[in-house]
Structures are given as structure tokens and as C-alpha cells.
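Everything on this sheet refers to the single structure shown next.
Protein chains: 2
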Amino acid sequence: MSVTLRDVALDAGVSVRTVSNVVSGTVRVAPDTRSRVEASLQKLGYRPNVIARNLRQGRTGLIGLAFPELDVPYFAELARAIVRASREHGLTVVIEQTEGREEHERALLDGGARGTVFDGLILSSLALGADEIADLAGNLPIVMLGERAPHHRLDHVGIDNVAAARVATEHLVSLGRSRIAAIGYQHPKVNETAHLRARGYEDALADAGLPVDRSLCAYTDAYHREDGAQAIRRLLDLPSPPDAVFCFNDLLALGAMRAALAHGVRIPQDLAIVGFDDIEDGRYSTPTLTTIVPDKEQIALVAVEMLLARLSDDPSKAREHLARFELAVRESTVRRRRRRG
Amino acid sequence: MSVTLRDVALDAGVSVRTVSNVVSGTVRVAPDTRSRVEASLQKLGYRPNVIARNLRQGRTGLIGLAFPELDVPYFAELARAIVRASREHGLTVVIEQTEGREEHERALLDGGARGTVFDGLILSSLALGADEIADLAGNLPIVMLGERAPHHRLDHVGIDNVAAARVATEHLVSLGRSRIAAIGYQHPKVNETAHLRARGYEDALADAGLPVDRSLCAYTDAYHREDGAQAIRRLLDLPSPPDAVFCFNDLLALGAMRAALAHGVRIPQDLAIVGFDDIEDGRYSTPTLTTIVPDKEQIALVAVEMLLARLSDDPSKAREHLARFELAVRESTVRRRRRRG
DNA sequence: CTGAAAGCGCTAACAT
DNA sequence: ATGTTAGCGCTTTCAG
Numbered sequence: 001m002s003v004t005l006r007d008v009a010l011d012a013g014v015s016v017r018t019v020s021n022v023v024s025g026t027v028r029v030a031p032d033t034r035s036r037v038e039a040s041l042q043k044l045g046y047r048p049n050v051i052a053r054n055l056r057q058g059r060t061g062l063i064g065l066a067f068p069e070l071d072v073p074y075f076a077e078l079a080r081a082i083v084r085a086s087r088e089h090g091l092t093v094v095i096e097q098t099e100g101r102e103e104h105e106r107a108l109l110d111g112g113a114r115g116t117v118f119d120g121l122i123l124s125s126l127a128l129g130a131d132e133i134a135d136l137a138g139n140l141p142i143v144m145l146g147e148r149a150p151h152h153r154l155d156h157v158g159i160d161n162v163a164a165a166r167v168a169t170e171h172l173v174s175l176g177r178s179r180i181a182a183i184g185y186q187h188p189k190v191n192e193t194a195h196l197r198a199r200g201y202e203d204a205l206a207d208a209g210l211p212v213d214r215s216l217c218a219y220t221d222a223y224h225r226e227d228g229a230q231a232i233r234r235l236l237d238l239p240s241p242p243d244a245v246f247c248f249n250d251l252l253a254l255g256a257m258r259a260a261l262a263h264g265v266r267i268p269q270d271l272a273i274v275g276f277d278d279i280e281d282g283r284y285s286t287p288t289l290t291t292i293v294p295d296k297e298q299i300a301l302v303a304v305e306m307l308l309a310r311l312s313d314d315p316s317k318a319r320e321h322l323a324r325f326e327l328a329v330r331e332s333t334v335r336r337r338r339r340r341g
Numbered sequence: 001m002s003v004t005l006r007d008v009a010l011d012a013g014v015s016v017r018t019v020s021n022v023v024s025g026t027v028r029v030a031p032d033t034r035s036r037v038e039a040s041l042q043k044l045g046y047r048p049n050v051i052a053r054n055l056r057q058g059r060t061g062l063i064g065l066a067f068p069e070l071d072v073p074y075f076a077e078l079a080r081a082i083v084r085a086s087r088e089h090g091l092t093v094v095i096e097q098t099e100g101r102e103e104h105e106r107a108l109l110d111g112g113a114r115g116t117v118f119d120g121l122i123l124s125s126l127a128l129g130a131d132e133i134a135d136l137a138g139n140l141p142i143v144m145l146g147e148r149a150p151h152h153r154l155d156h157v158g159i160d161n162v163a164a165a166r167v168a169t170e171h172l173v174s175l176g177r178s179r180i181a182a183i184g185y186q187h188p189k190v191n192e193t194a195h196l197r198a199r200g201y202e203d204a205l206a207d208a209g210l211p212v213d214r215s216l217c218a219y220t221d222a223y224h225r226e227d228g229a230q231a232i233r234r235l236l237d238l239p240s241p242p243d244a245v246f247c248f249n250d251l252l253a254l255g256a257m258r259a260a261l262a263h264g265v266r267i268p269q270d271l272a273i274v275g276f277d278d279i280e281d282g283r284y285s286t287p288t289l290t291t292i293v294p295d296k297e298q299i300a301l302v303a304v305e306m307l308l309a310r311l312s313d314d315p316s317k318a319r320e321h322l323a324r325f326e327l328a329v330r331e332s333t334v335r336r337r338r339r340r341g
């Protein structure tokens, strides 16, 4: 079938050992032997059998990357950066989609009946709690992604959600808005992100001496455009509707913006909107979306490097990395002179 | 280290063969033996070593999925569907990102010095021509995705681009528009998609008795929002600007829409816009985007099934599948009463 | 510097 | 129905 080391060895008149040495390049080989072997390698078109190598070495050279949904722009953008960073480190990425379902996350971690194909996992979890994840993972190195509180047994990279949410809310306060709503509340057990961002929001209101009006805290089932659209409609139907809204991610914000505009609301005059994630759509929407910009490149890079460290038996205790973020002020909160773009 | 078949065999007092049979479930095993083995399996927490199994079987159980960019919404949405379809067929997906670079596509196909990890590949190619791909692939089963002319040596799934582009253009004609521009022209060697969609566009104009005005055919470097924005600015600066534009994908259209609105143009009154791909953003933009809707679920499903057929040594000659498409008419071409949405 | 050979964990042919 | 064992292709220990 395909060309093996043995075939090459026979052709070059050397042992398998020598061919292996030439291919791997780790051991010194006599120049003339080397060139002879290389000629045979070339002639026969040898390609290493990755599986055999892996079996011998006990590793697959693969890392898993698990997101709830690949077509959520924030995840897609992060996936892109992670795949690129992985390639630069010689790692290949197996992609997994949990659909936010506990059974799928569980199967990923414990390998299940089908076994585990990757050496380590970068996981953006929705359904499972940190303790459960740590238990299930066993020896499998894990880097948790995304927005959750630190955990003593799991590596984690994300940003400071409370601080970021506070910055977003303070921006709305600084514009003189006083009825500032929030969209994206969820039960804390279900979604830690929501909990942290809600805290930043409420803290900022408190600091500004504004009350936290529960009727302005909109719960949503999920974080898609449609959820944002539904939430804003409910808010706009209130006796005294909000004059600003902080959405816990950009998709919610874009959905809310669309629905508000369709409702005849002017943005930002009647309603200022801030999002979170800086997905590309928000830079091209009309109006463009003010949002929290996490440094995705940095998140990706650090996640891959953390995992790499674990893979080389780094015994250090769980590490936490908080990436940079900033607020990008755009047209959904501050009216601009008409410009090209 | 980890628990092997041998460990389980020892514990249960049977041979590895028997344990293997229990695990795989392909051979009949006496009920009491089975339960004894299962107890040991459970007790020791056996997990199959996927690599060893693969080595023995000569397959990895992995398929490759290669896109130029994962964060382009059309690719992200397709990736989601393909990953899901793959899981349903017991396949795991290795994701590759070519960045549209020839060297990366080439490395994917010939395995390069690092060998190939997957059994087959679903490839959305940008840089390489079909002949080259077929040559490089050798025995590696390939399913080509996307928008290119059929090829006698490669399986392919996509939609009829000429027909779809024609439908899009005819829609604009039917609205009484007469200066219909197109955005997304590229050199045919660089991008077959562009070529096919341009043909559909020009055919439709010809059928309607409209001239193909070369000044209305806008070339772009790529297919991102920014390219669409730049192109529409050039078109709007013409002595007699277009009253409609067909963009060769939705990102171009969304970029063009944004720039046109910023330019003070009313959509659809002054300028009607049609896109291509039906990405989610276009369903929530303001105005919402009229577009060609390819059946992505079907594309994903057929692609995976075609590959699966090849993997089981299906010797049939190259197959072509054209998935359904339809035109979704939205606000960027037809003004609607204000609605909740 | 290079050859011989063990063995990674599993499946499947062969034997009973 | 189950035990024994060769061998998938590679890396690496042990000799030389």
C-alpha cells in the first residue's frame, strides 16, 4: 500500500533505524548515508504514518477545541485565532460542537465508549460546572475558555467580566442616561457569564447613584439576535421605557437594535446601545455598535500556550489569565457626523 | 498508565480476544462471560486507545474540513452543519484553515513532512485549480465544496451559481431597475465563483435587453465587508450611479449597504441590493437583506455522505450534487410596511 | 554511527 | 465461544 520506513531502508540498503534517524533529524547521521537515504525517501515518496508514530509516542498531536456553536460569530472569530495559533505550534485541531448540551460536553471529557482522540482540550463550556469538569477530565489537560470565575483546578483564560461590564455601563451613565436597561440576565447556575456581567452592570449603577430597576433587567433564553429582539420589545412596551441598554453580547445588541429601529426608535437619540464581544457585524451595522472589545488574539495565543505547557507535563497549579479589553465607542451611543464608512 | 485490554482480561480471567469482542460487540459472547468482562471494564474504567485501534485498522476515523477562513459567516454556518452531520455518522472533524494560501492547501493534500491525519477531506479551495488538487490528492478521498465548475476526477457539492445569479439579477430587473451594478468581479483564474456568478448576472441582463455596462461591474480584492464598502463608493461616485446592485456574496452586500447608507443613499428607494449566501447577519441588518439562500444543511449532509461513500471504497466516478437554492426577498429590495422584527 | 529487535494497544486470522 | 498470537509502522533501547 503506502511506503513504509522498511521499504525505504531496503531501497537504500540501510536499516530501519537509520531511515528513522534521517526522517526525524534528531540523531547525527553520516553525510553519505544521509544523502543515500534522502534519495530513496524522495524516490519512493515516503510519507510518515502519523498513527504509528502516535501509538509509539502515546500522543496524537491533536488538541480538541470545543464550542457550543461554531457559527456564533464570537466563537468563530476565536476559533480562527486558535486554529492559527495551534498551527504555529505544530498542533492540529479537532473541532467539537457541544450545542450547549451536557451529554456532549460529558462525552468529550470522559472519552466515552469511543475513546479520546486528542491530547488536550480547549473548552468553552456552557452546561457543566467547573467542579464537574475537573472531575470528569481526570488526567486530560484542559484549558477553560470564556467567562467564568477562576477555579483552583482548571487553567482558565478570559477577561475580567465584571470590570468590562462596569466600563460599558459607566459609558452609558456618562452620556447622561438614567434609565439604563440590561439584556441577557440568566440564572447564575446556568450561566456564570451572565452573572458576572450583571454584577458589573449593577455595581456601575450603584456607583452612579442610580437604582437597579428590576423591570429593566431582561432575562433571555439564549444569546442570539432573536433573544435580543424579543427582550427590547418587552422593554419598549414598559410604561417608562429605557433610554439606554447594555446587552451582554453583541448578538443580543444587534437583535435589539434591529427590533428597536423597526419599532420607530431612534438610535442613539432615543436609545443608546452597548454590546460585548466586538464581532465584525457590529462594525458594519447601521448604526455601528459601541461594544466591549476583548483581545481575542491574546486569548487564543495564551490558551494554546497554556495547553502546550500542560502537555509537556508542566505540574504547576491552575493558572488564570485575564486578557486585555477596551471599550470601542461607535454610533449606537454617540452620534457622529456622517462619514465615509 | 492507562487501562488496556490486557489489564481487563487479567482481571476478568479471560483472554484479550474476549474482552475485545465484548467491547466491539461484533461477535457473540456467552452471557455470563460478557457480564463478568463488563464488570471488569467498569471497575477498571477501561477506555479504548483510539490510536492503537486506528493503527491496526489503517484509518484514523477523522475527516478533514478545510476552509479559507473560519470566521467568514458562510463558512462558519457550513462548518457547523458539517460538524453536526459528521458526528451523526461517527466521524470526528479536524479543522484546517488555509487562509486562501496555496502553500497551505498544498500541504493539506500531500501531507507534507508531517503526514496526513485524516482519512478524507472536505475542501473549500481558493488557491488551487481542480486539476492540481486531483493530482496532489492521490488516493486521499476528496469532496470539493463550493462554487466551481464540475470536474471529472473530483466529487463536488454546491449549487448552480449561474442559475442563482441569474435569479438574483432577474429580481432586480423585475423591480424596474435599469442600471444594475454587480460587485465581486475577479479574474476567472483566481476565482471560479466570481466567474460563474458574473455569467448569470450578464445573462440575465442580456435576456432583459439591458446592456452590460462595464463601469458597473466592480472588481474586488476579496469578499469581505470592506471590499463591498469600497466598491459601492466608487459606483456611487459615477456620473450616473446604479439604481440596483447584485453583490456576489452577503458580506459584500452588507458592507455596500453600510457605506451607501452612510453616503445618504436610501435603500431600497434609491438603491436596491441583493446578496448571496443568506448569512444570519443579513436577516437582522437594517434594512434586512434580499439574498440567494443555498440549502446549507443539504450541502453539508451530501458532502459528508459523499465522503463516507469514498471511504468505504466506493469506486464510482466523480459525482456532482447541486443543492437547492431560492431567493429570499427582504427589505433591501422591496419596501415593507413597518413590522415587528 | 548504525543494526537488531522490542513493544506501543489493538484487531483478526488461526486454532481449539 | 474463546484462547493464542502475528503484526499494523514507528521509535527507541541495547548492542556492536
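Order-wise, the sequence lines are chains A and B.
Counting from 1, position 221 in the first sequence corresponds to residue 221 in the UniProt record's numbering; the numbering is continuous, with no gaps.
Counting from 1, position 163 in the second sequence corresponds to residue 163 in the UniProt record's numbering; the numbering is continuous, with no gaps.
Backbone N, C-alpha and C fix where the C-beta goes; we use that ideal spot for every residue, glycine too.
Keep in mind the model is a prediction, meaning the values are calculated, not measured.
- Look at His151 (chain B) here: in three-state DSSP terms it is strand.
- Approximately 5 Å separates the beta-carbon atoms of Val94 (chain A) and Phe118 (chain A); this is inside 8 Å, confirming the contact.
- With contacts defined as CB atoms closer than 9 Å, Leu210 (chain A) and Val245 (chain A) fail to qualify as a contacting pair.
- Per DSSP, Phe276 (chain B) is one residue of the beta strand (DSSP E) stretching across 272–276.
- The residue from A:Asp207, A:Asn191, A:Ala323, A:Met257 with its alpha-carbon nearest to that of Pro68 (chain A) is A:Asn191.
- DSSP places Gln230 (chain A) in the helix class (H, G or I) of the three-state scheme.
- Nearest in C-alpha terms to Glu320 (chain B), of all of B:Leu128, B:Asp160, B:Glu96, B:Gly100, is B:Asp160.
- Contact annotation for Pro315 (chain A) against chain B: no contact, minimum CB-CB distance about 17 Å [criterion: below 7 Å].
- Within chain A, no residue has its beta carbon less than 9 Å from that of Ile133 (chain B); the closest one is some 17 Å off.
- For Thr286 (chain A), the residues of chain B that pass the 7 Å Cβ criterion are Arg258, Leu261, Thr286, in the order they occur in the chain.
- About 13 Å separates the beta carbon of Leu140 (chain B) from that of Glu96 (chain B), a gap too long to meet the 8 Å contact definition.
- Contact annotation, Val157 (chain A) with Ala323 (chain A): C-beta distance approximately 7 Å; criterion of less than 8 Å satisfied.
- Thr98 (chain A) sits away from Glu88 (chain A), with the two beta carbons spaced by 9 Å or more.
- With a contact defined as Cβ atoms closer than 8 Å, Ala328 (chain A) and Val293 (chain A) qualify at about 5 Å.
- Annotation for Ala244 (chain B): the continuous beta strand (DSSP E) segment containing it runs 244–247.
- Beta bridge pairing from DSSP links Glu297 (chain A) with no other residue.
- When secondary structure is reduced to three states using DSSP, Glu69 (chain B) falls in the coil class, being assigned neither helix nor strand.
- Approximately 12 Å separates the beta-carbon atoms of Pro242 (chain A) and Leu205 (chain A); this is outside 8 Å, ruling out the contact.
- The count of Cβ pairs closer than 8 Å, one atom from the stretch 115–131 of chain B and one from the stretch 43–58 of chain A, reaches three, so the stretches are in contact.
- Taking 8 Å as the upper bound on Cβ-Cβ separation, chain B lies near residues Arg114, Gly115, Thr116, Val117 of the stretch 114–132 of chain A.
- Here Leu252 (chain A) has Ile183, Gly184, Thr220, Tyr223, His224, Arg225, Asp227, Gly228, Ala231, Gly275 as same chain residues with Cβ atoms under 8 Å from its own Cβ, once five neighbours each way along the sequence are excluded.
- A Cβ-Cβ separation of about 11 Å leaves Ala137 (chain B) out of contact with His151 (chain B) under the 8 Å criterion.
- Under DSSP, the beta-bridge partners assigned to Met144 (chain A) are A:Leu123, A:His156.
- Annotation: Ala134 (chain B) to Asp237 (chain B) spans about 44 Å, alpha carbon to alpha carbon.
- Val94 (chain A) sits in a strand when the DSSP states are folded into three classes.
- Judged by their CB atoms, Leu126 (chain A) and Ile142 (chain A) are not nearer to each other than the 9 Å cut-off.
- A straight-line Cα-Cα distance of about 23 Å links Ala318 (chain B) and Pro188 (chain B).
- Residue-level contact by beta carbon holds for Gly61 (chain B) and chain A, with a gap shorter than 9 Å.
- Taking a 10 Å sphere around the C-beta of Pro315 (chain A), we find fewer than 16 other C-beta atoms and assign the residue as exposed.
- Contact check for Arg234 (chain A) against Gly282 (chain A) fails: the beta carbons are separated by 9 Å or more.
- In the DSSP assignment, His321 (chain A) falls outside any alpha helix (DSSP H) and lies within the beta strand (DSSP E) extending over 320–322.
- For the pair Ala181 (chain A) and Phe248 (chain A), the CB atoms are not nearer than the 9 Å cut-off.
- A distance below 8 Å between beta-carbons, with the five flanking residues on each side excluded, links Thr60 (chain A) to the following residues of its chain, in chain order: Asn54, Val117, Phe118, Asp119.
- For Asp11 (chain B), the closest alpha carbon among the candidates B:Gln269, B:Gln42, B:Pro31, B:Phe325 is that of B:Gln42.
- Within the DSSP bridge table, the entry for Glu326 (chain B) names B:Val293 as partners.
- Of the residues assessed, Ala39 (chain A) falls on the exposed side of the cut-off, its CB having fewer than 16 other CB atoms within 10 angstroms.
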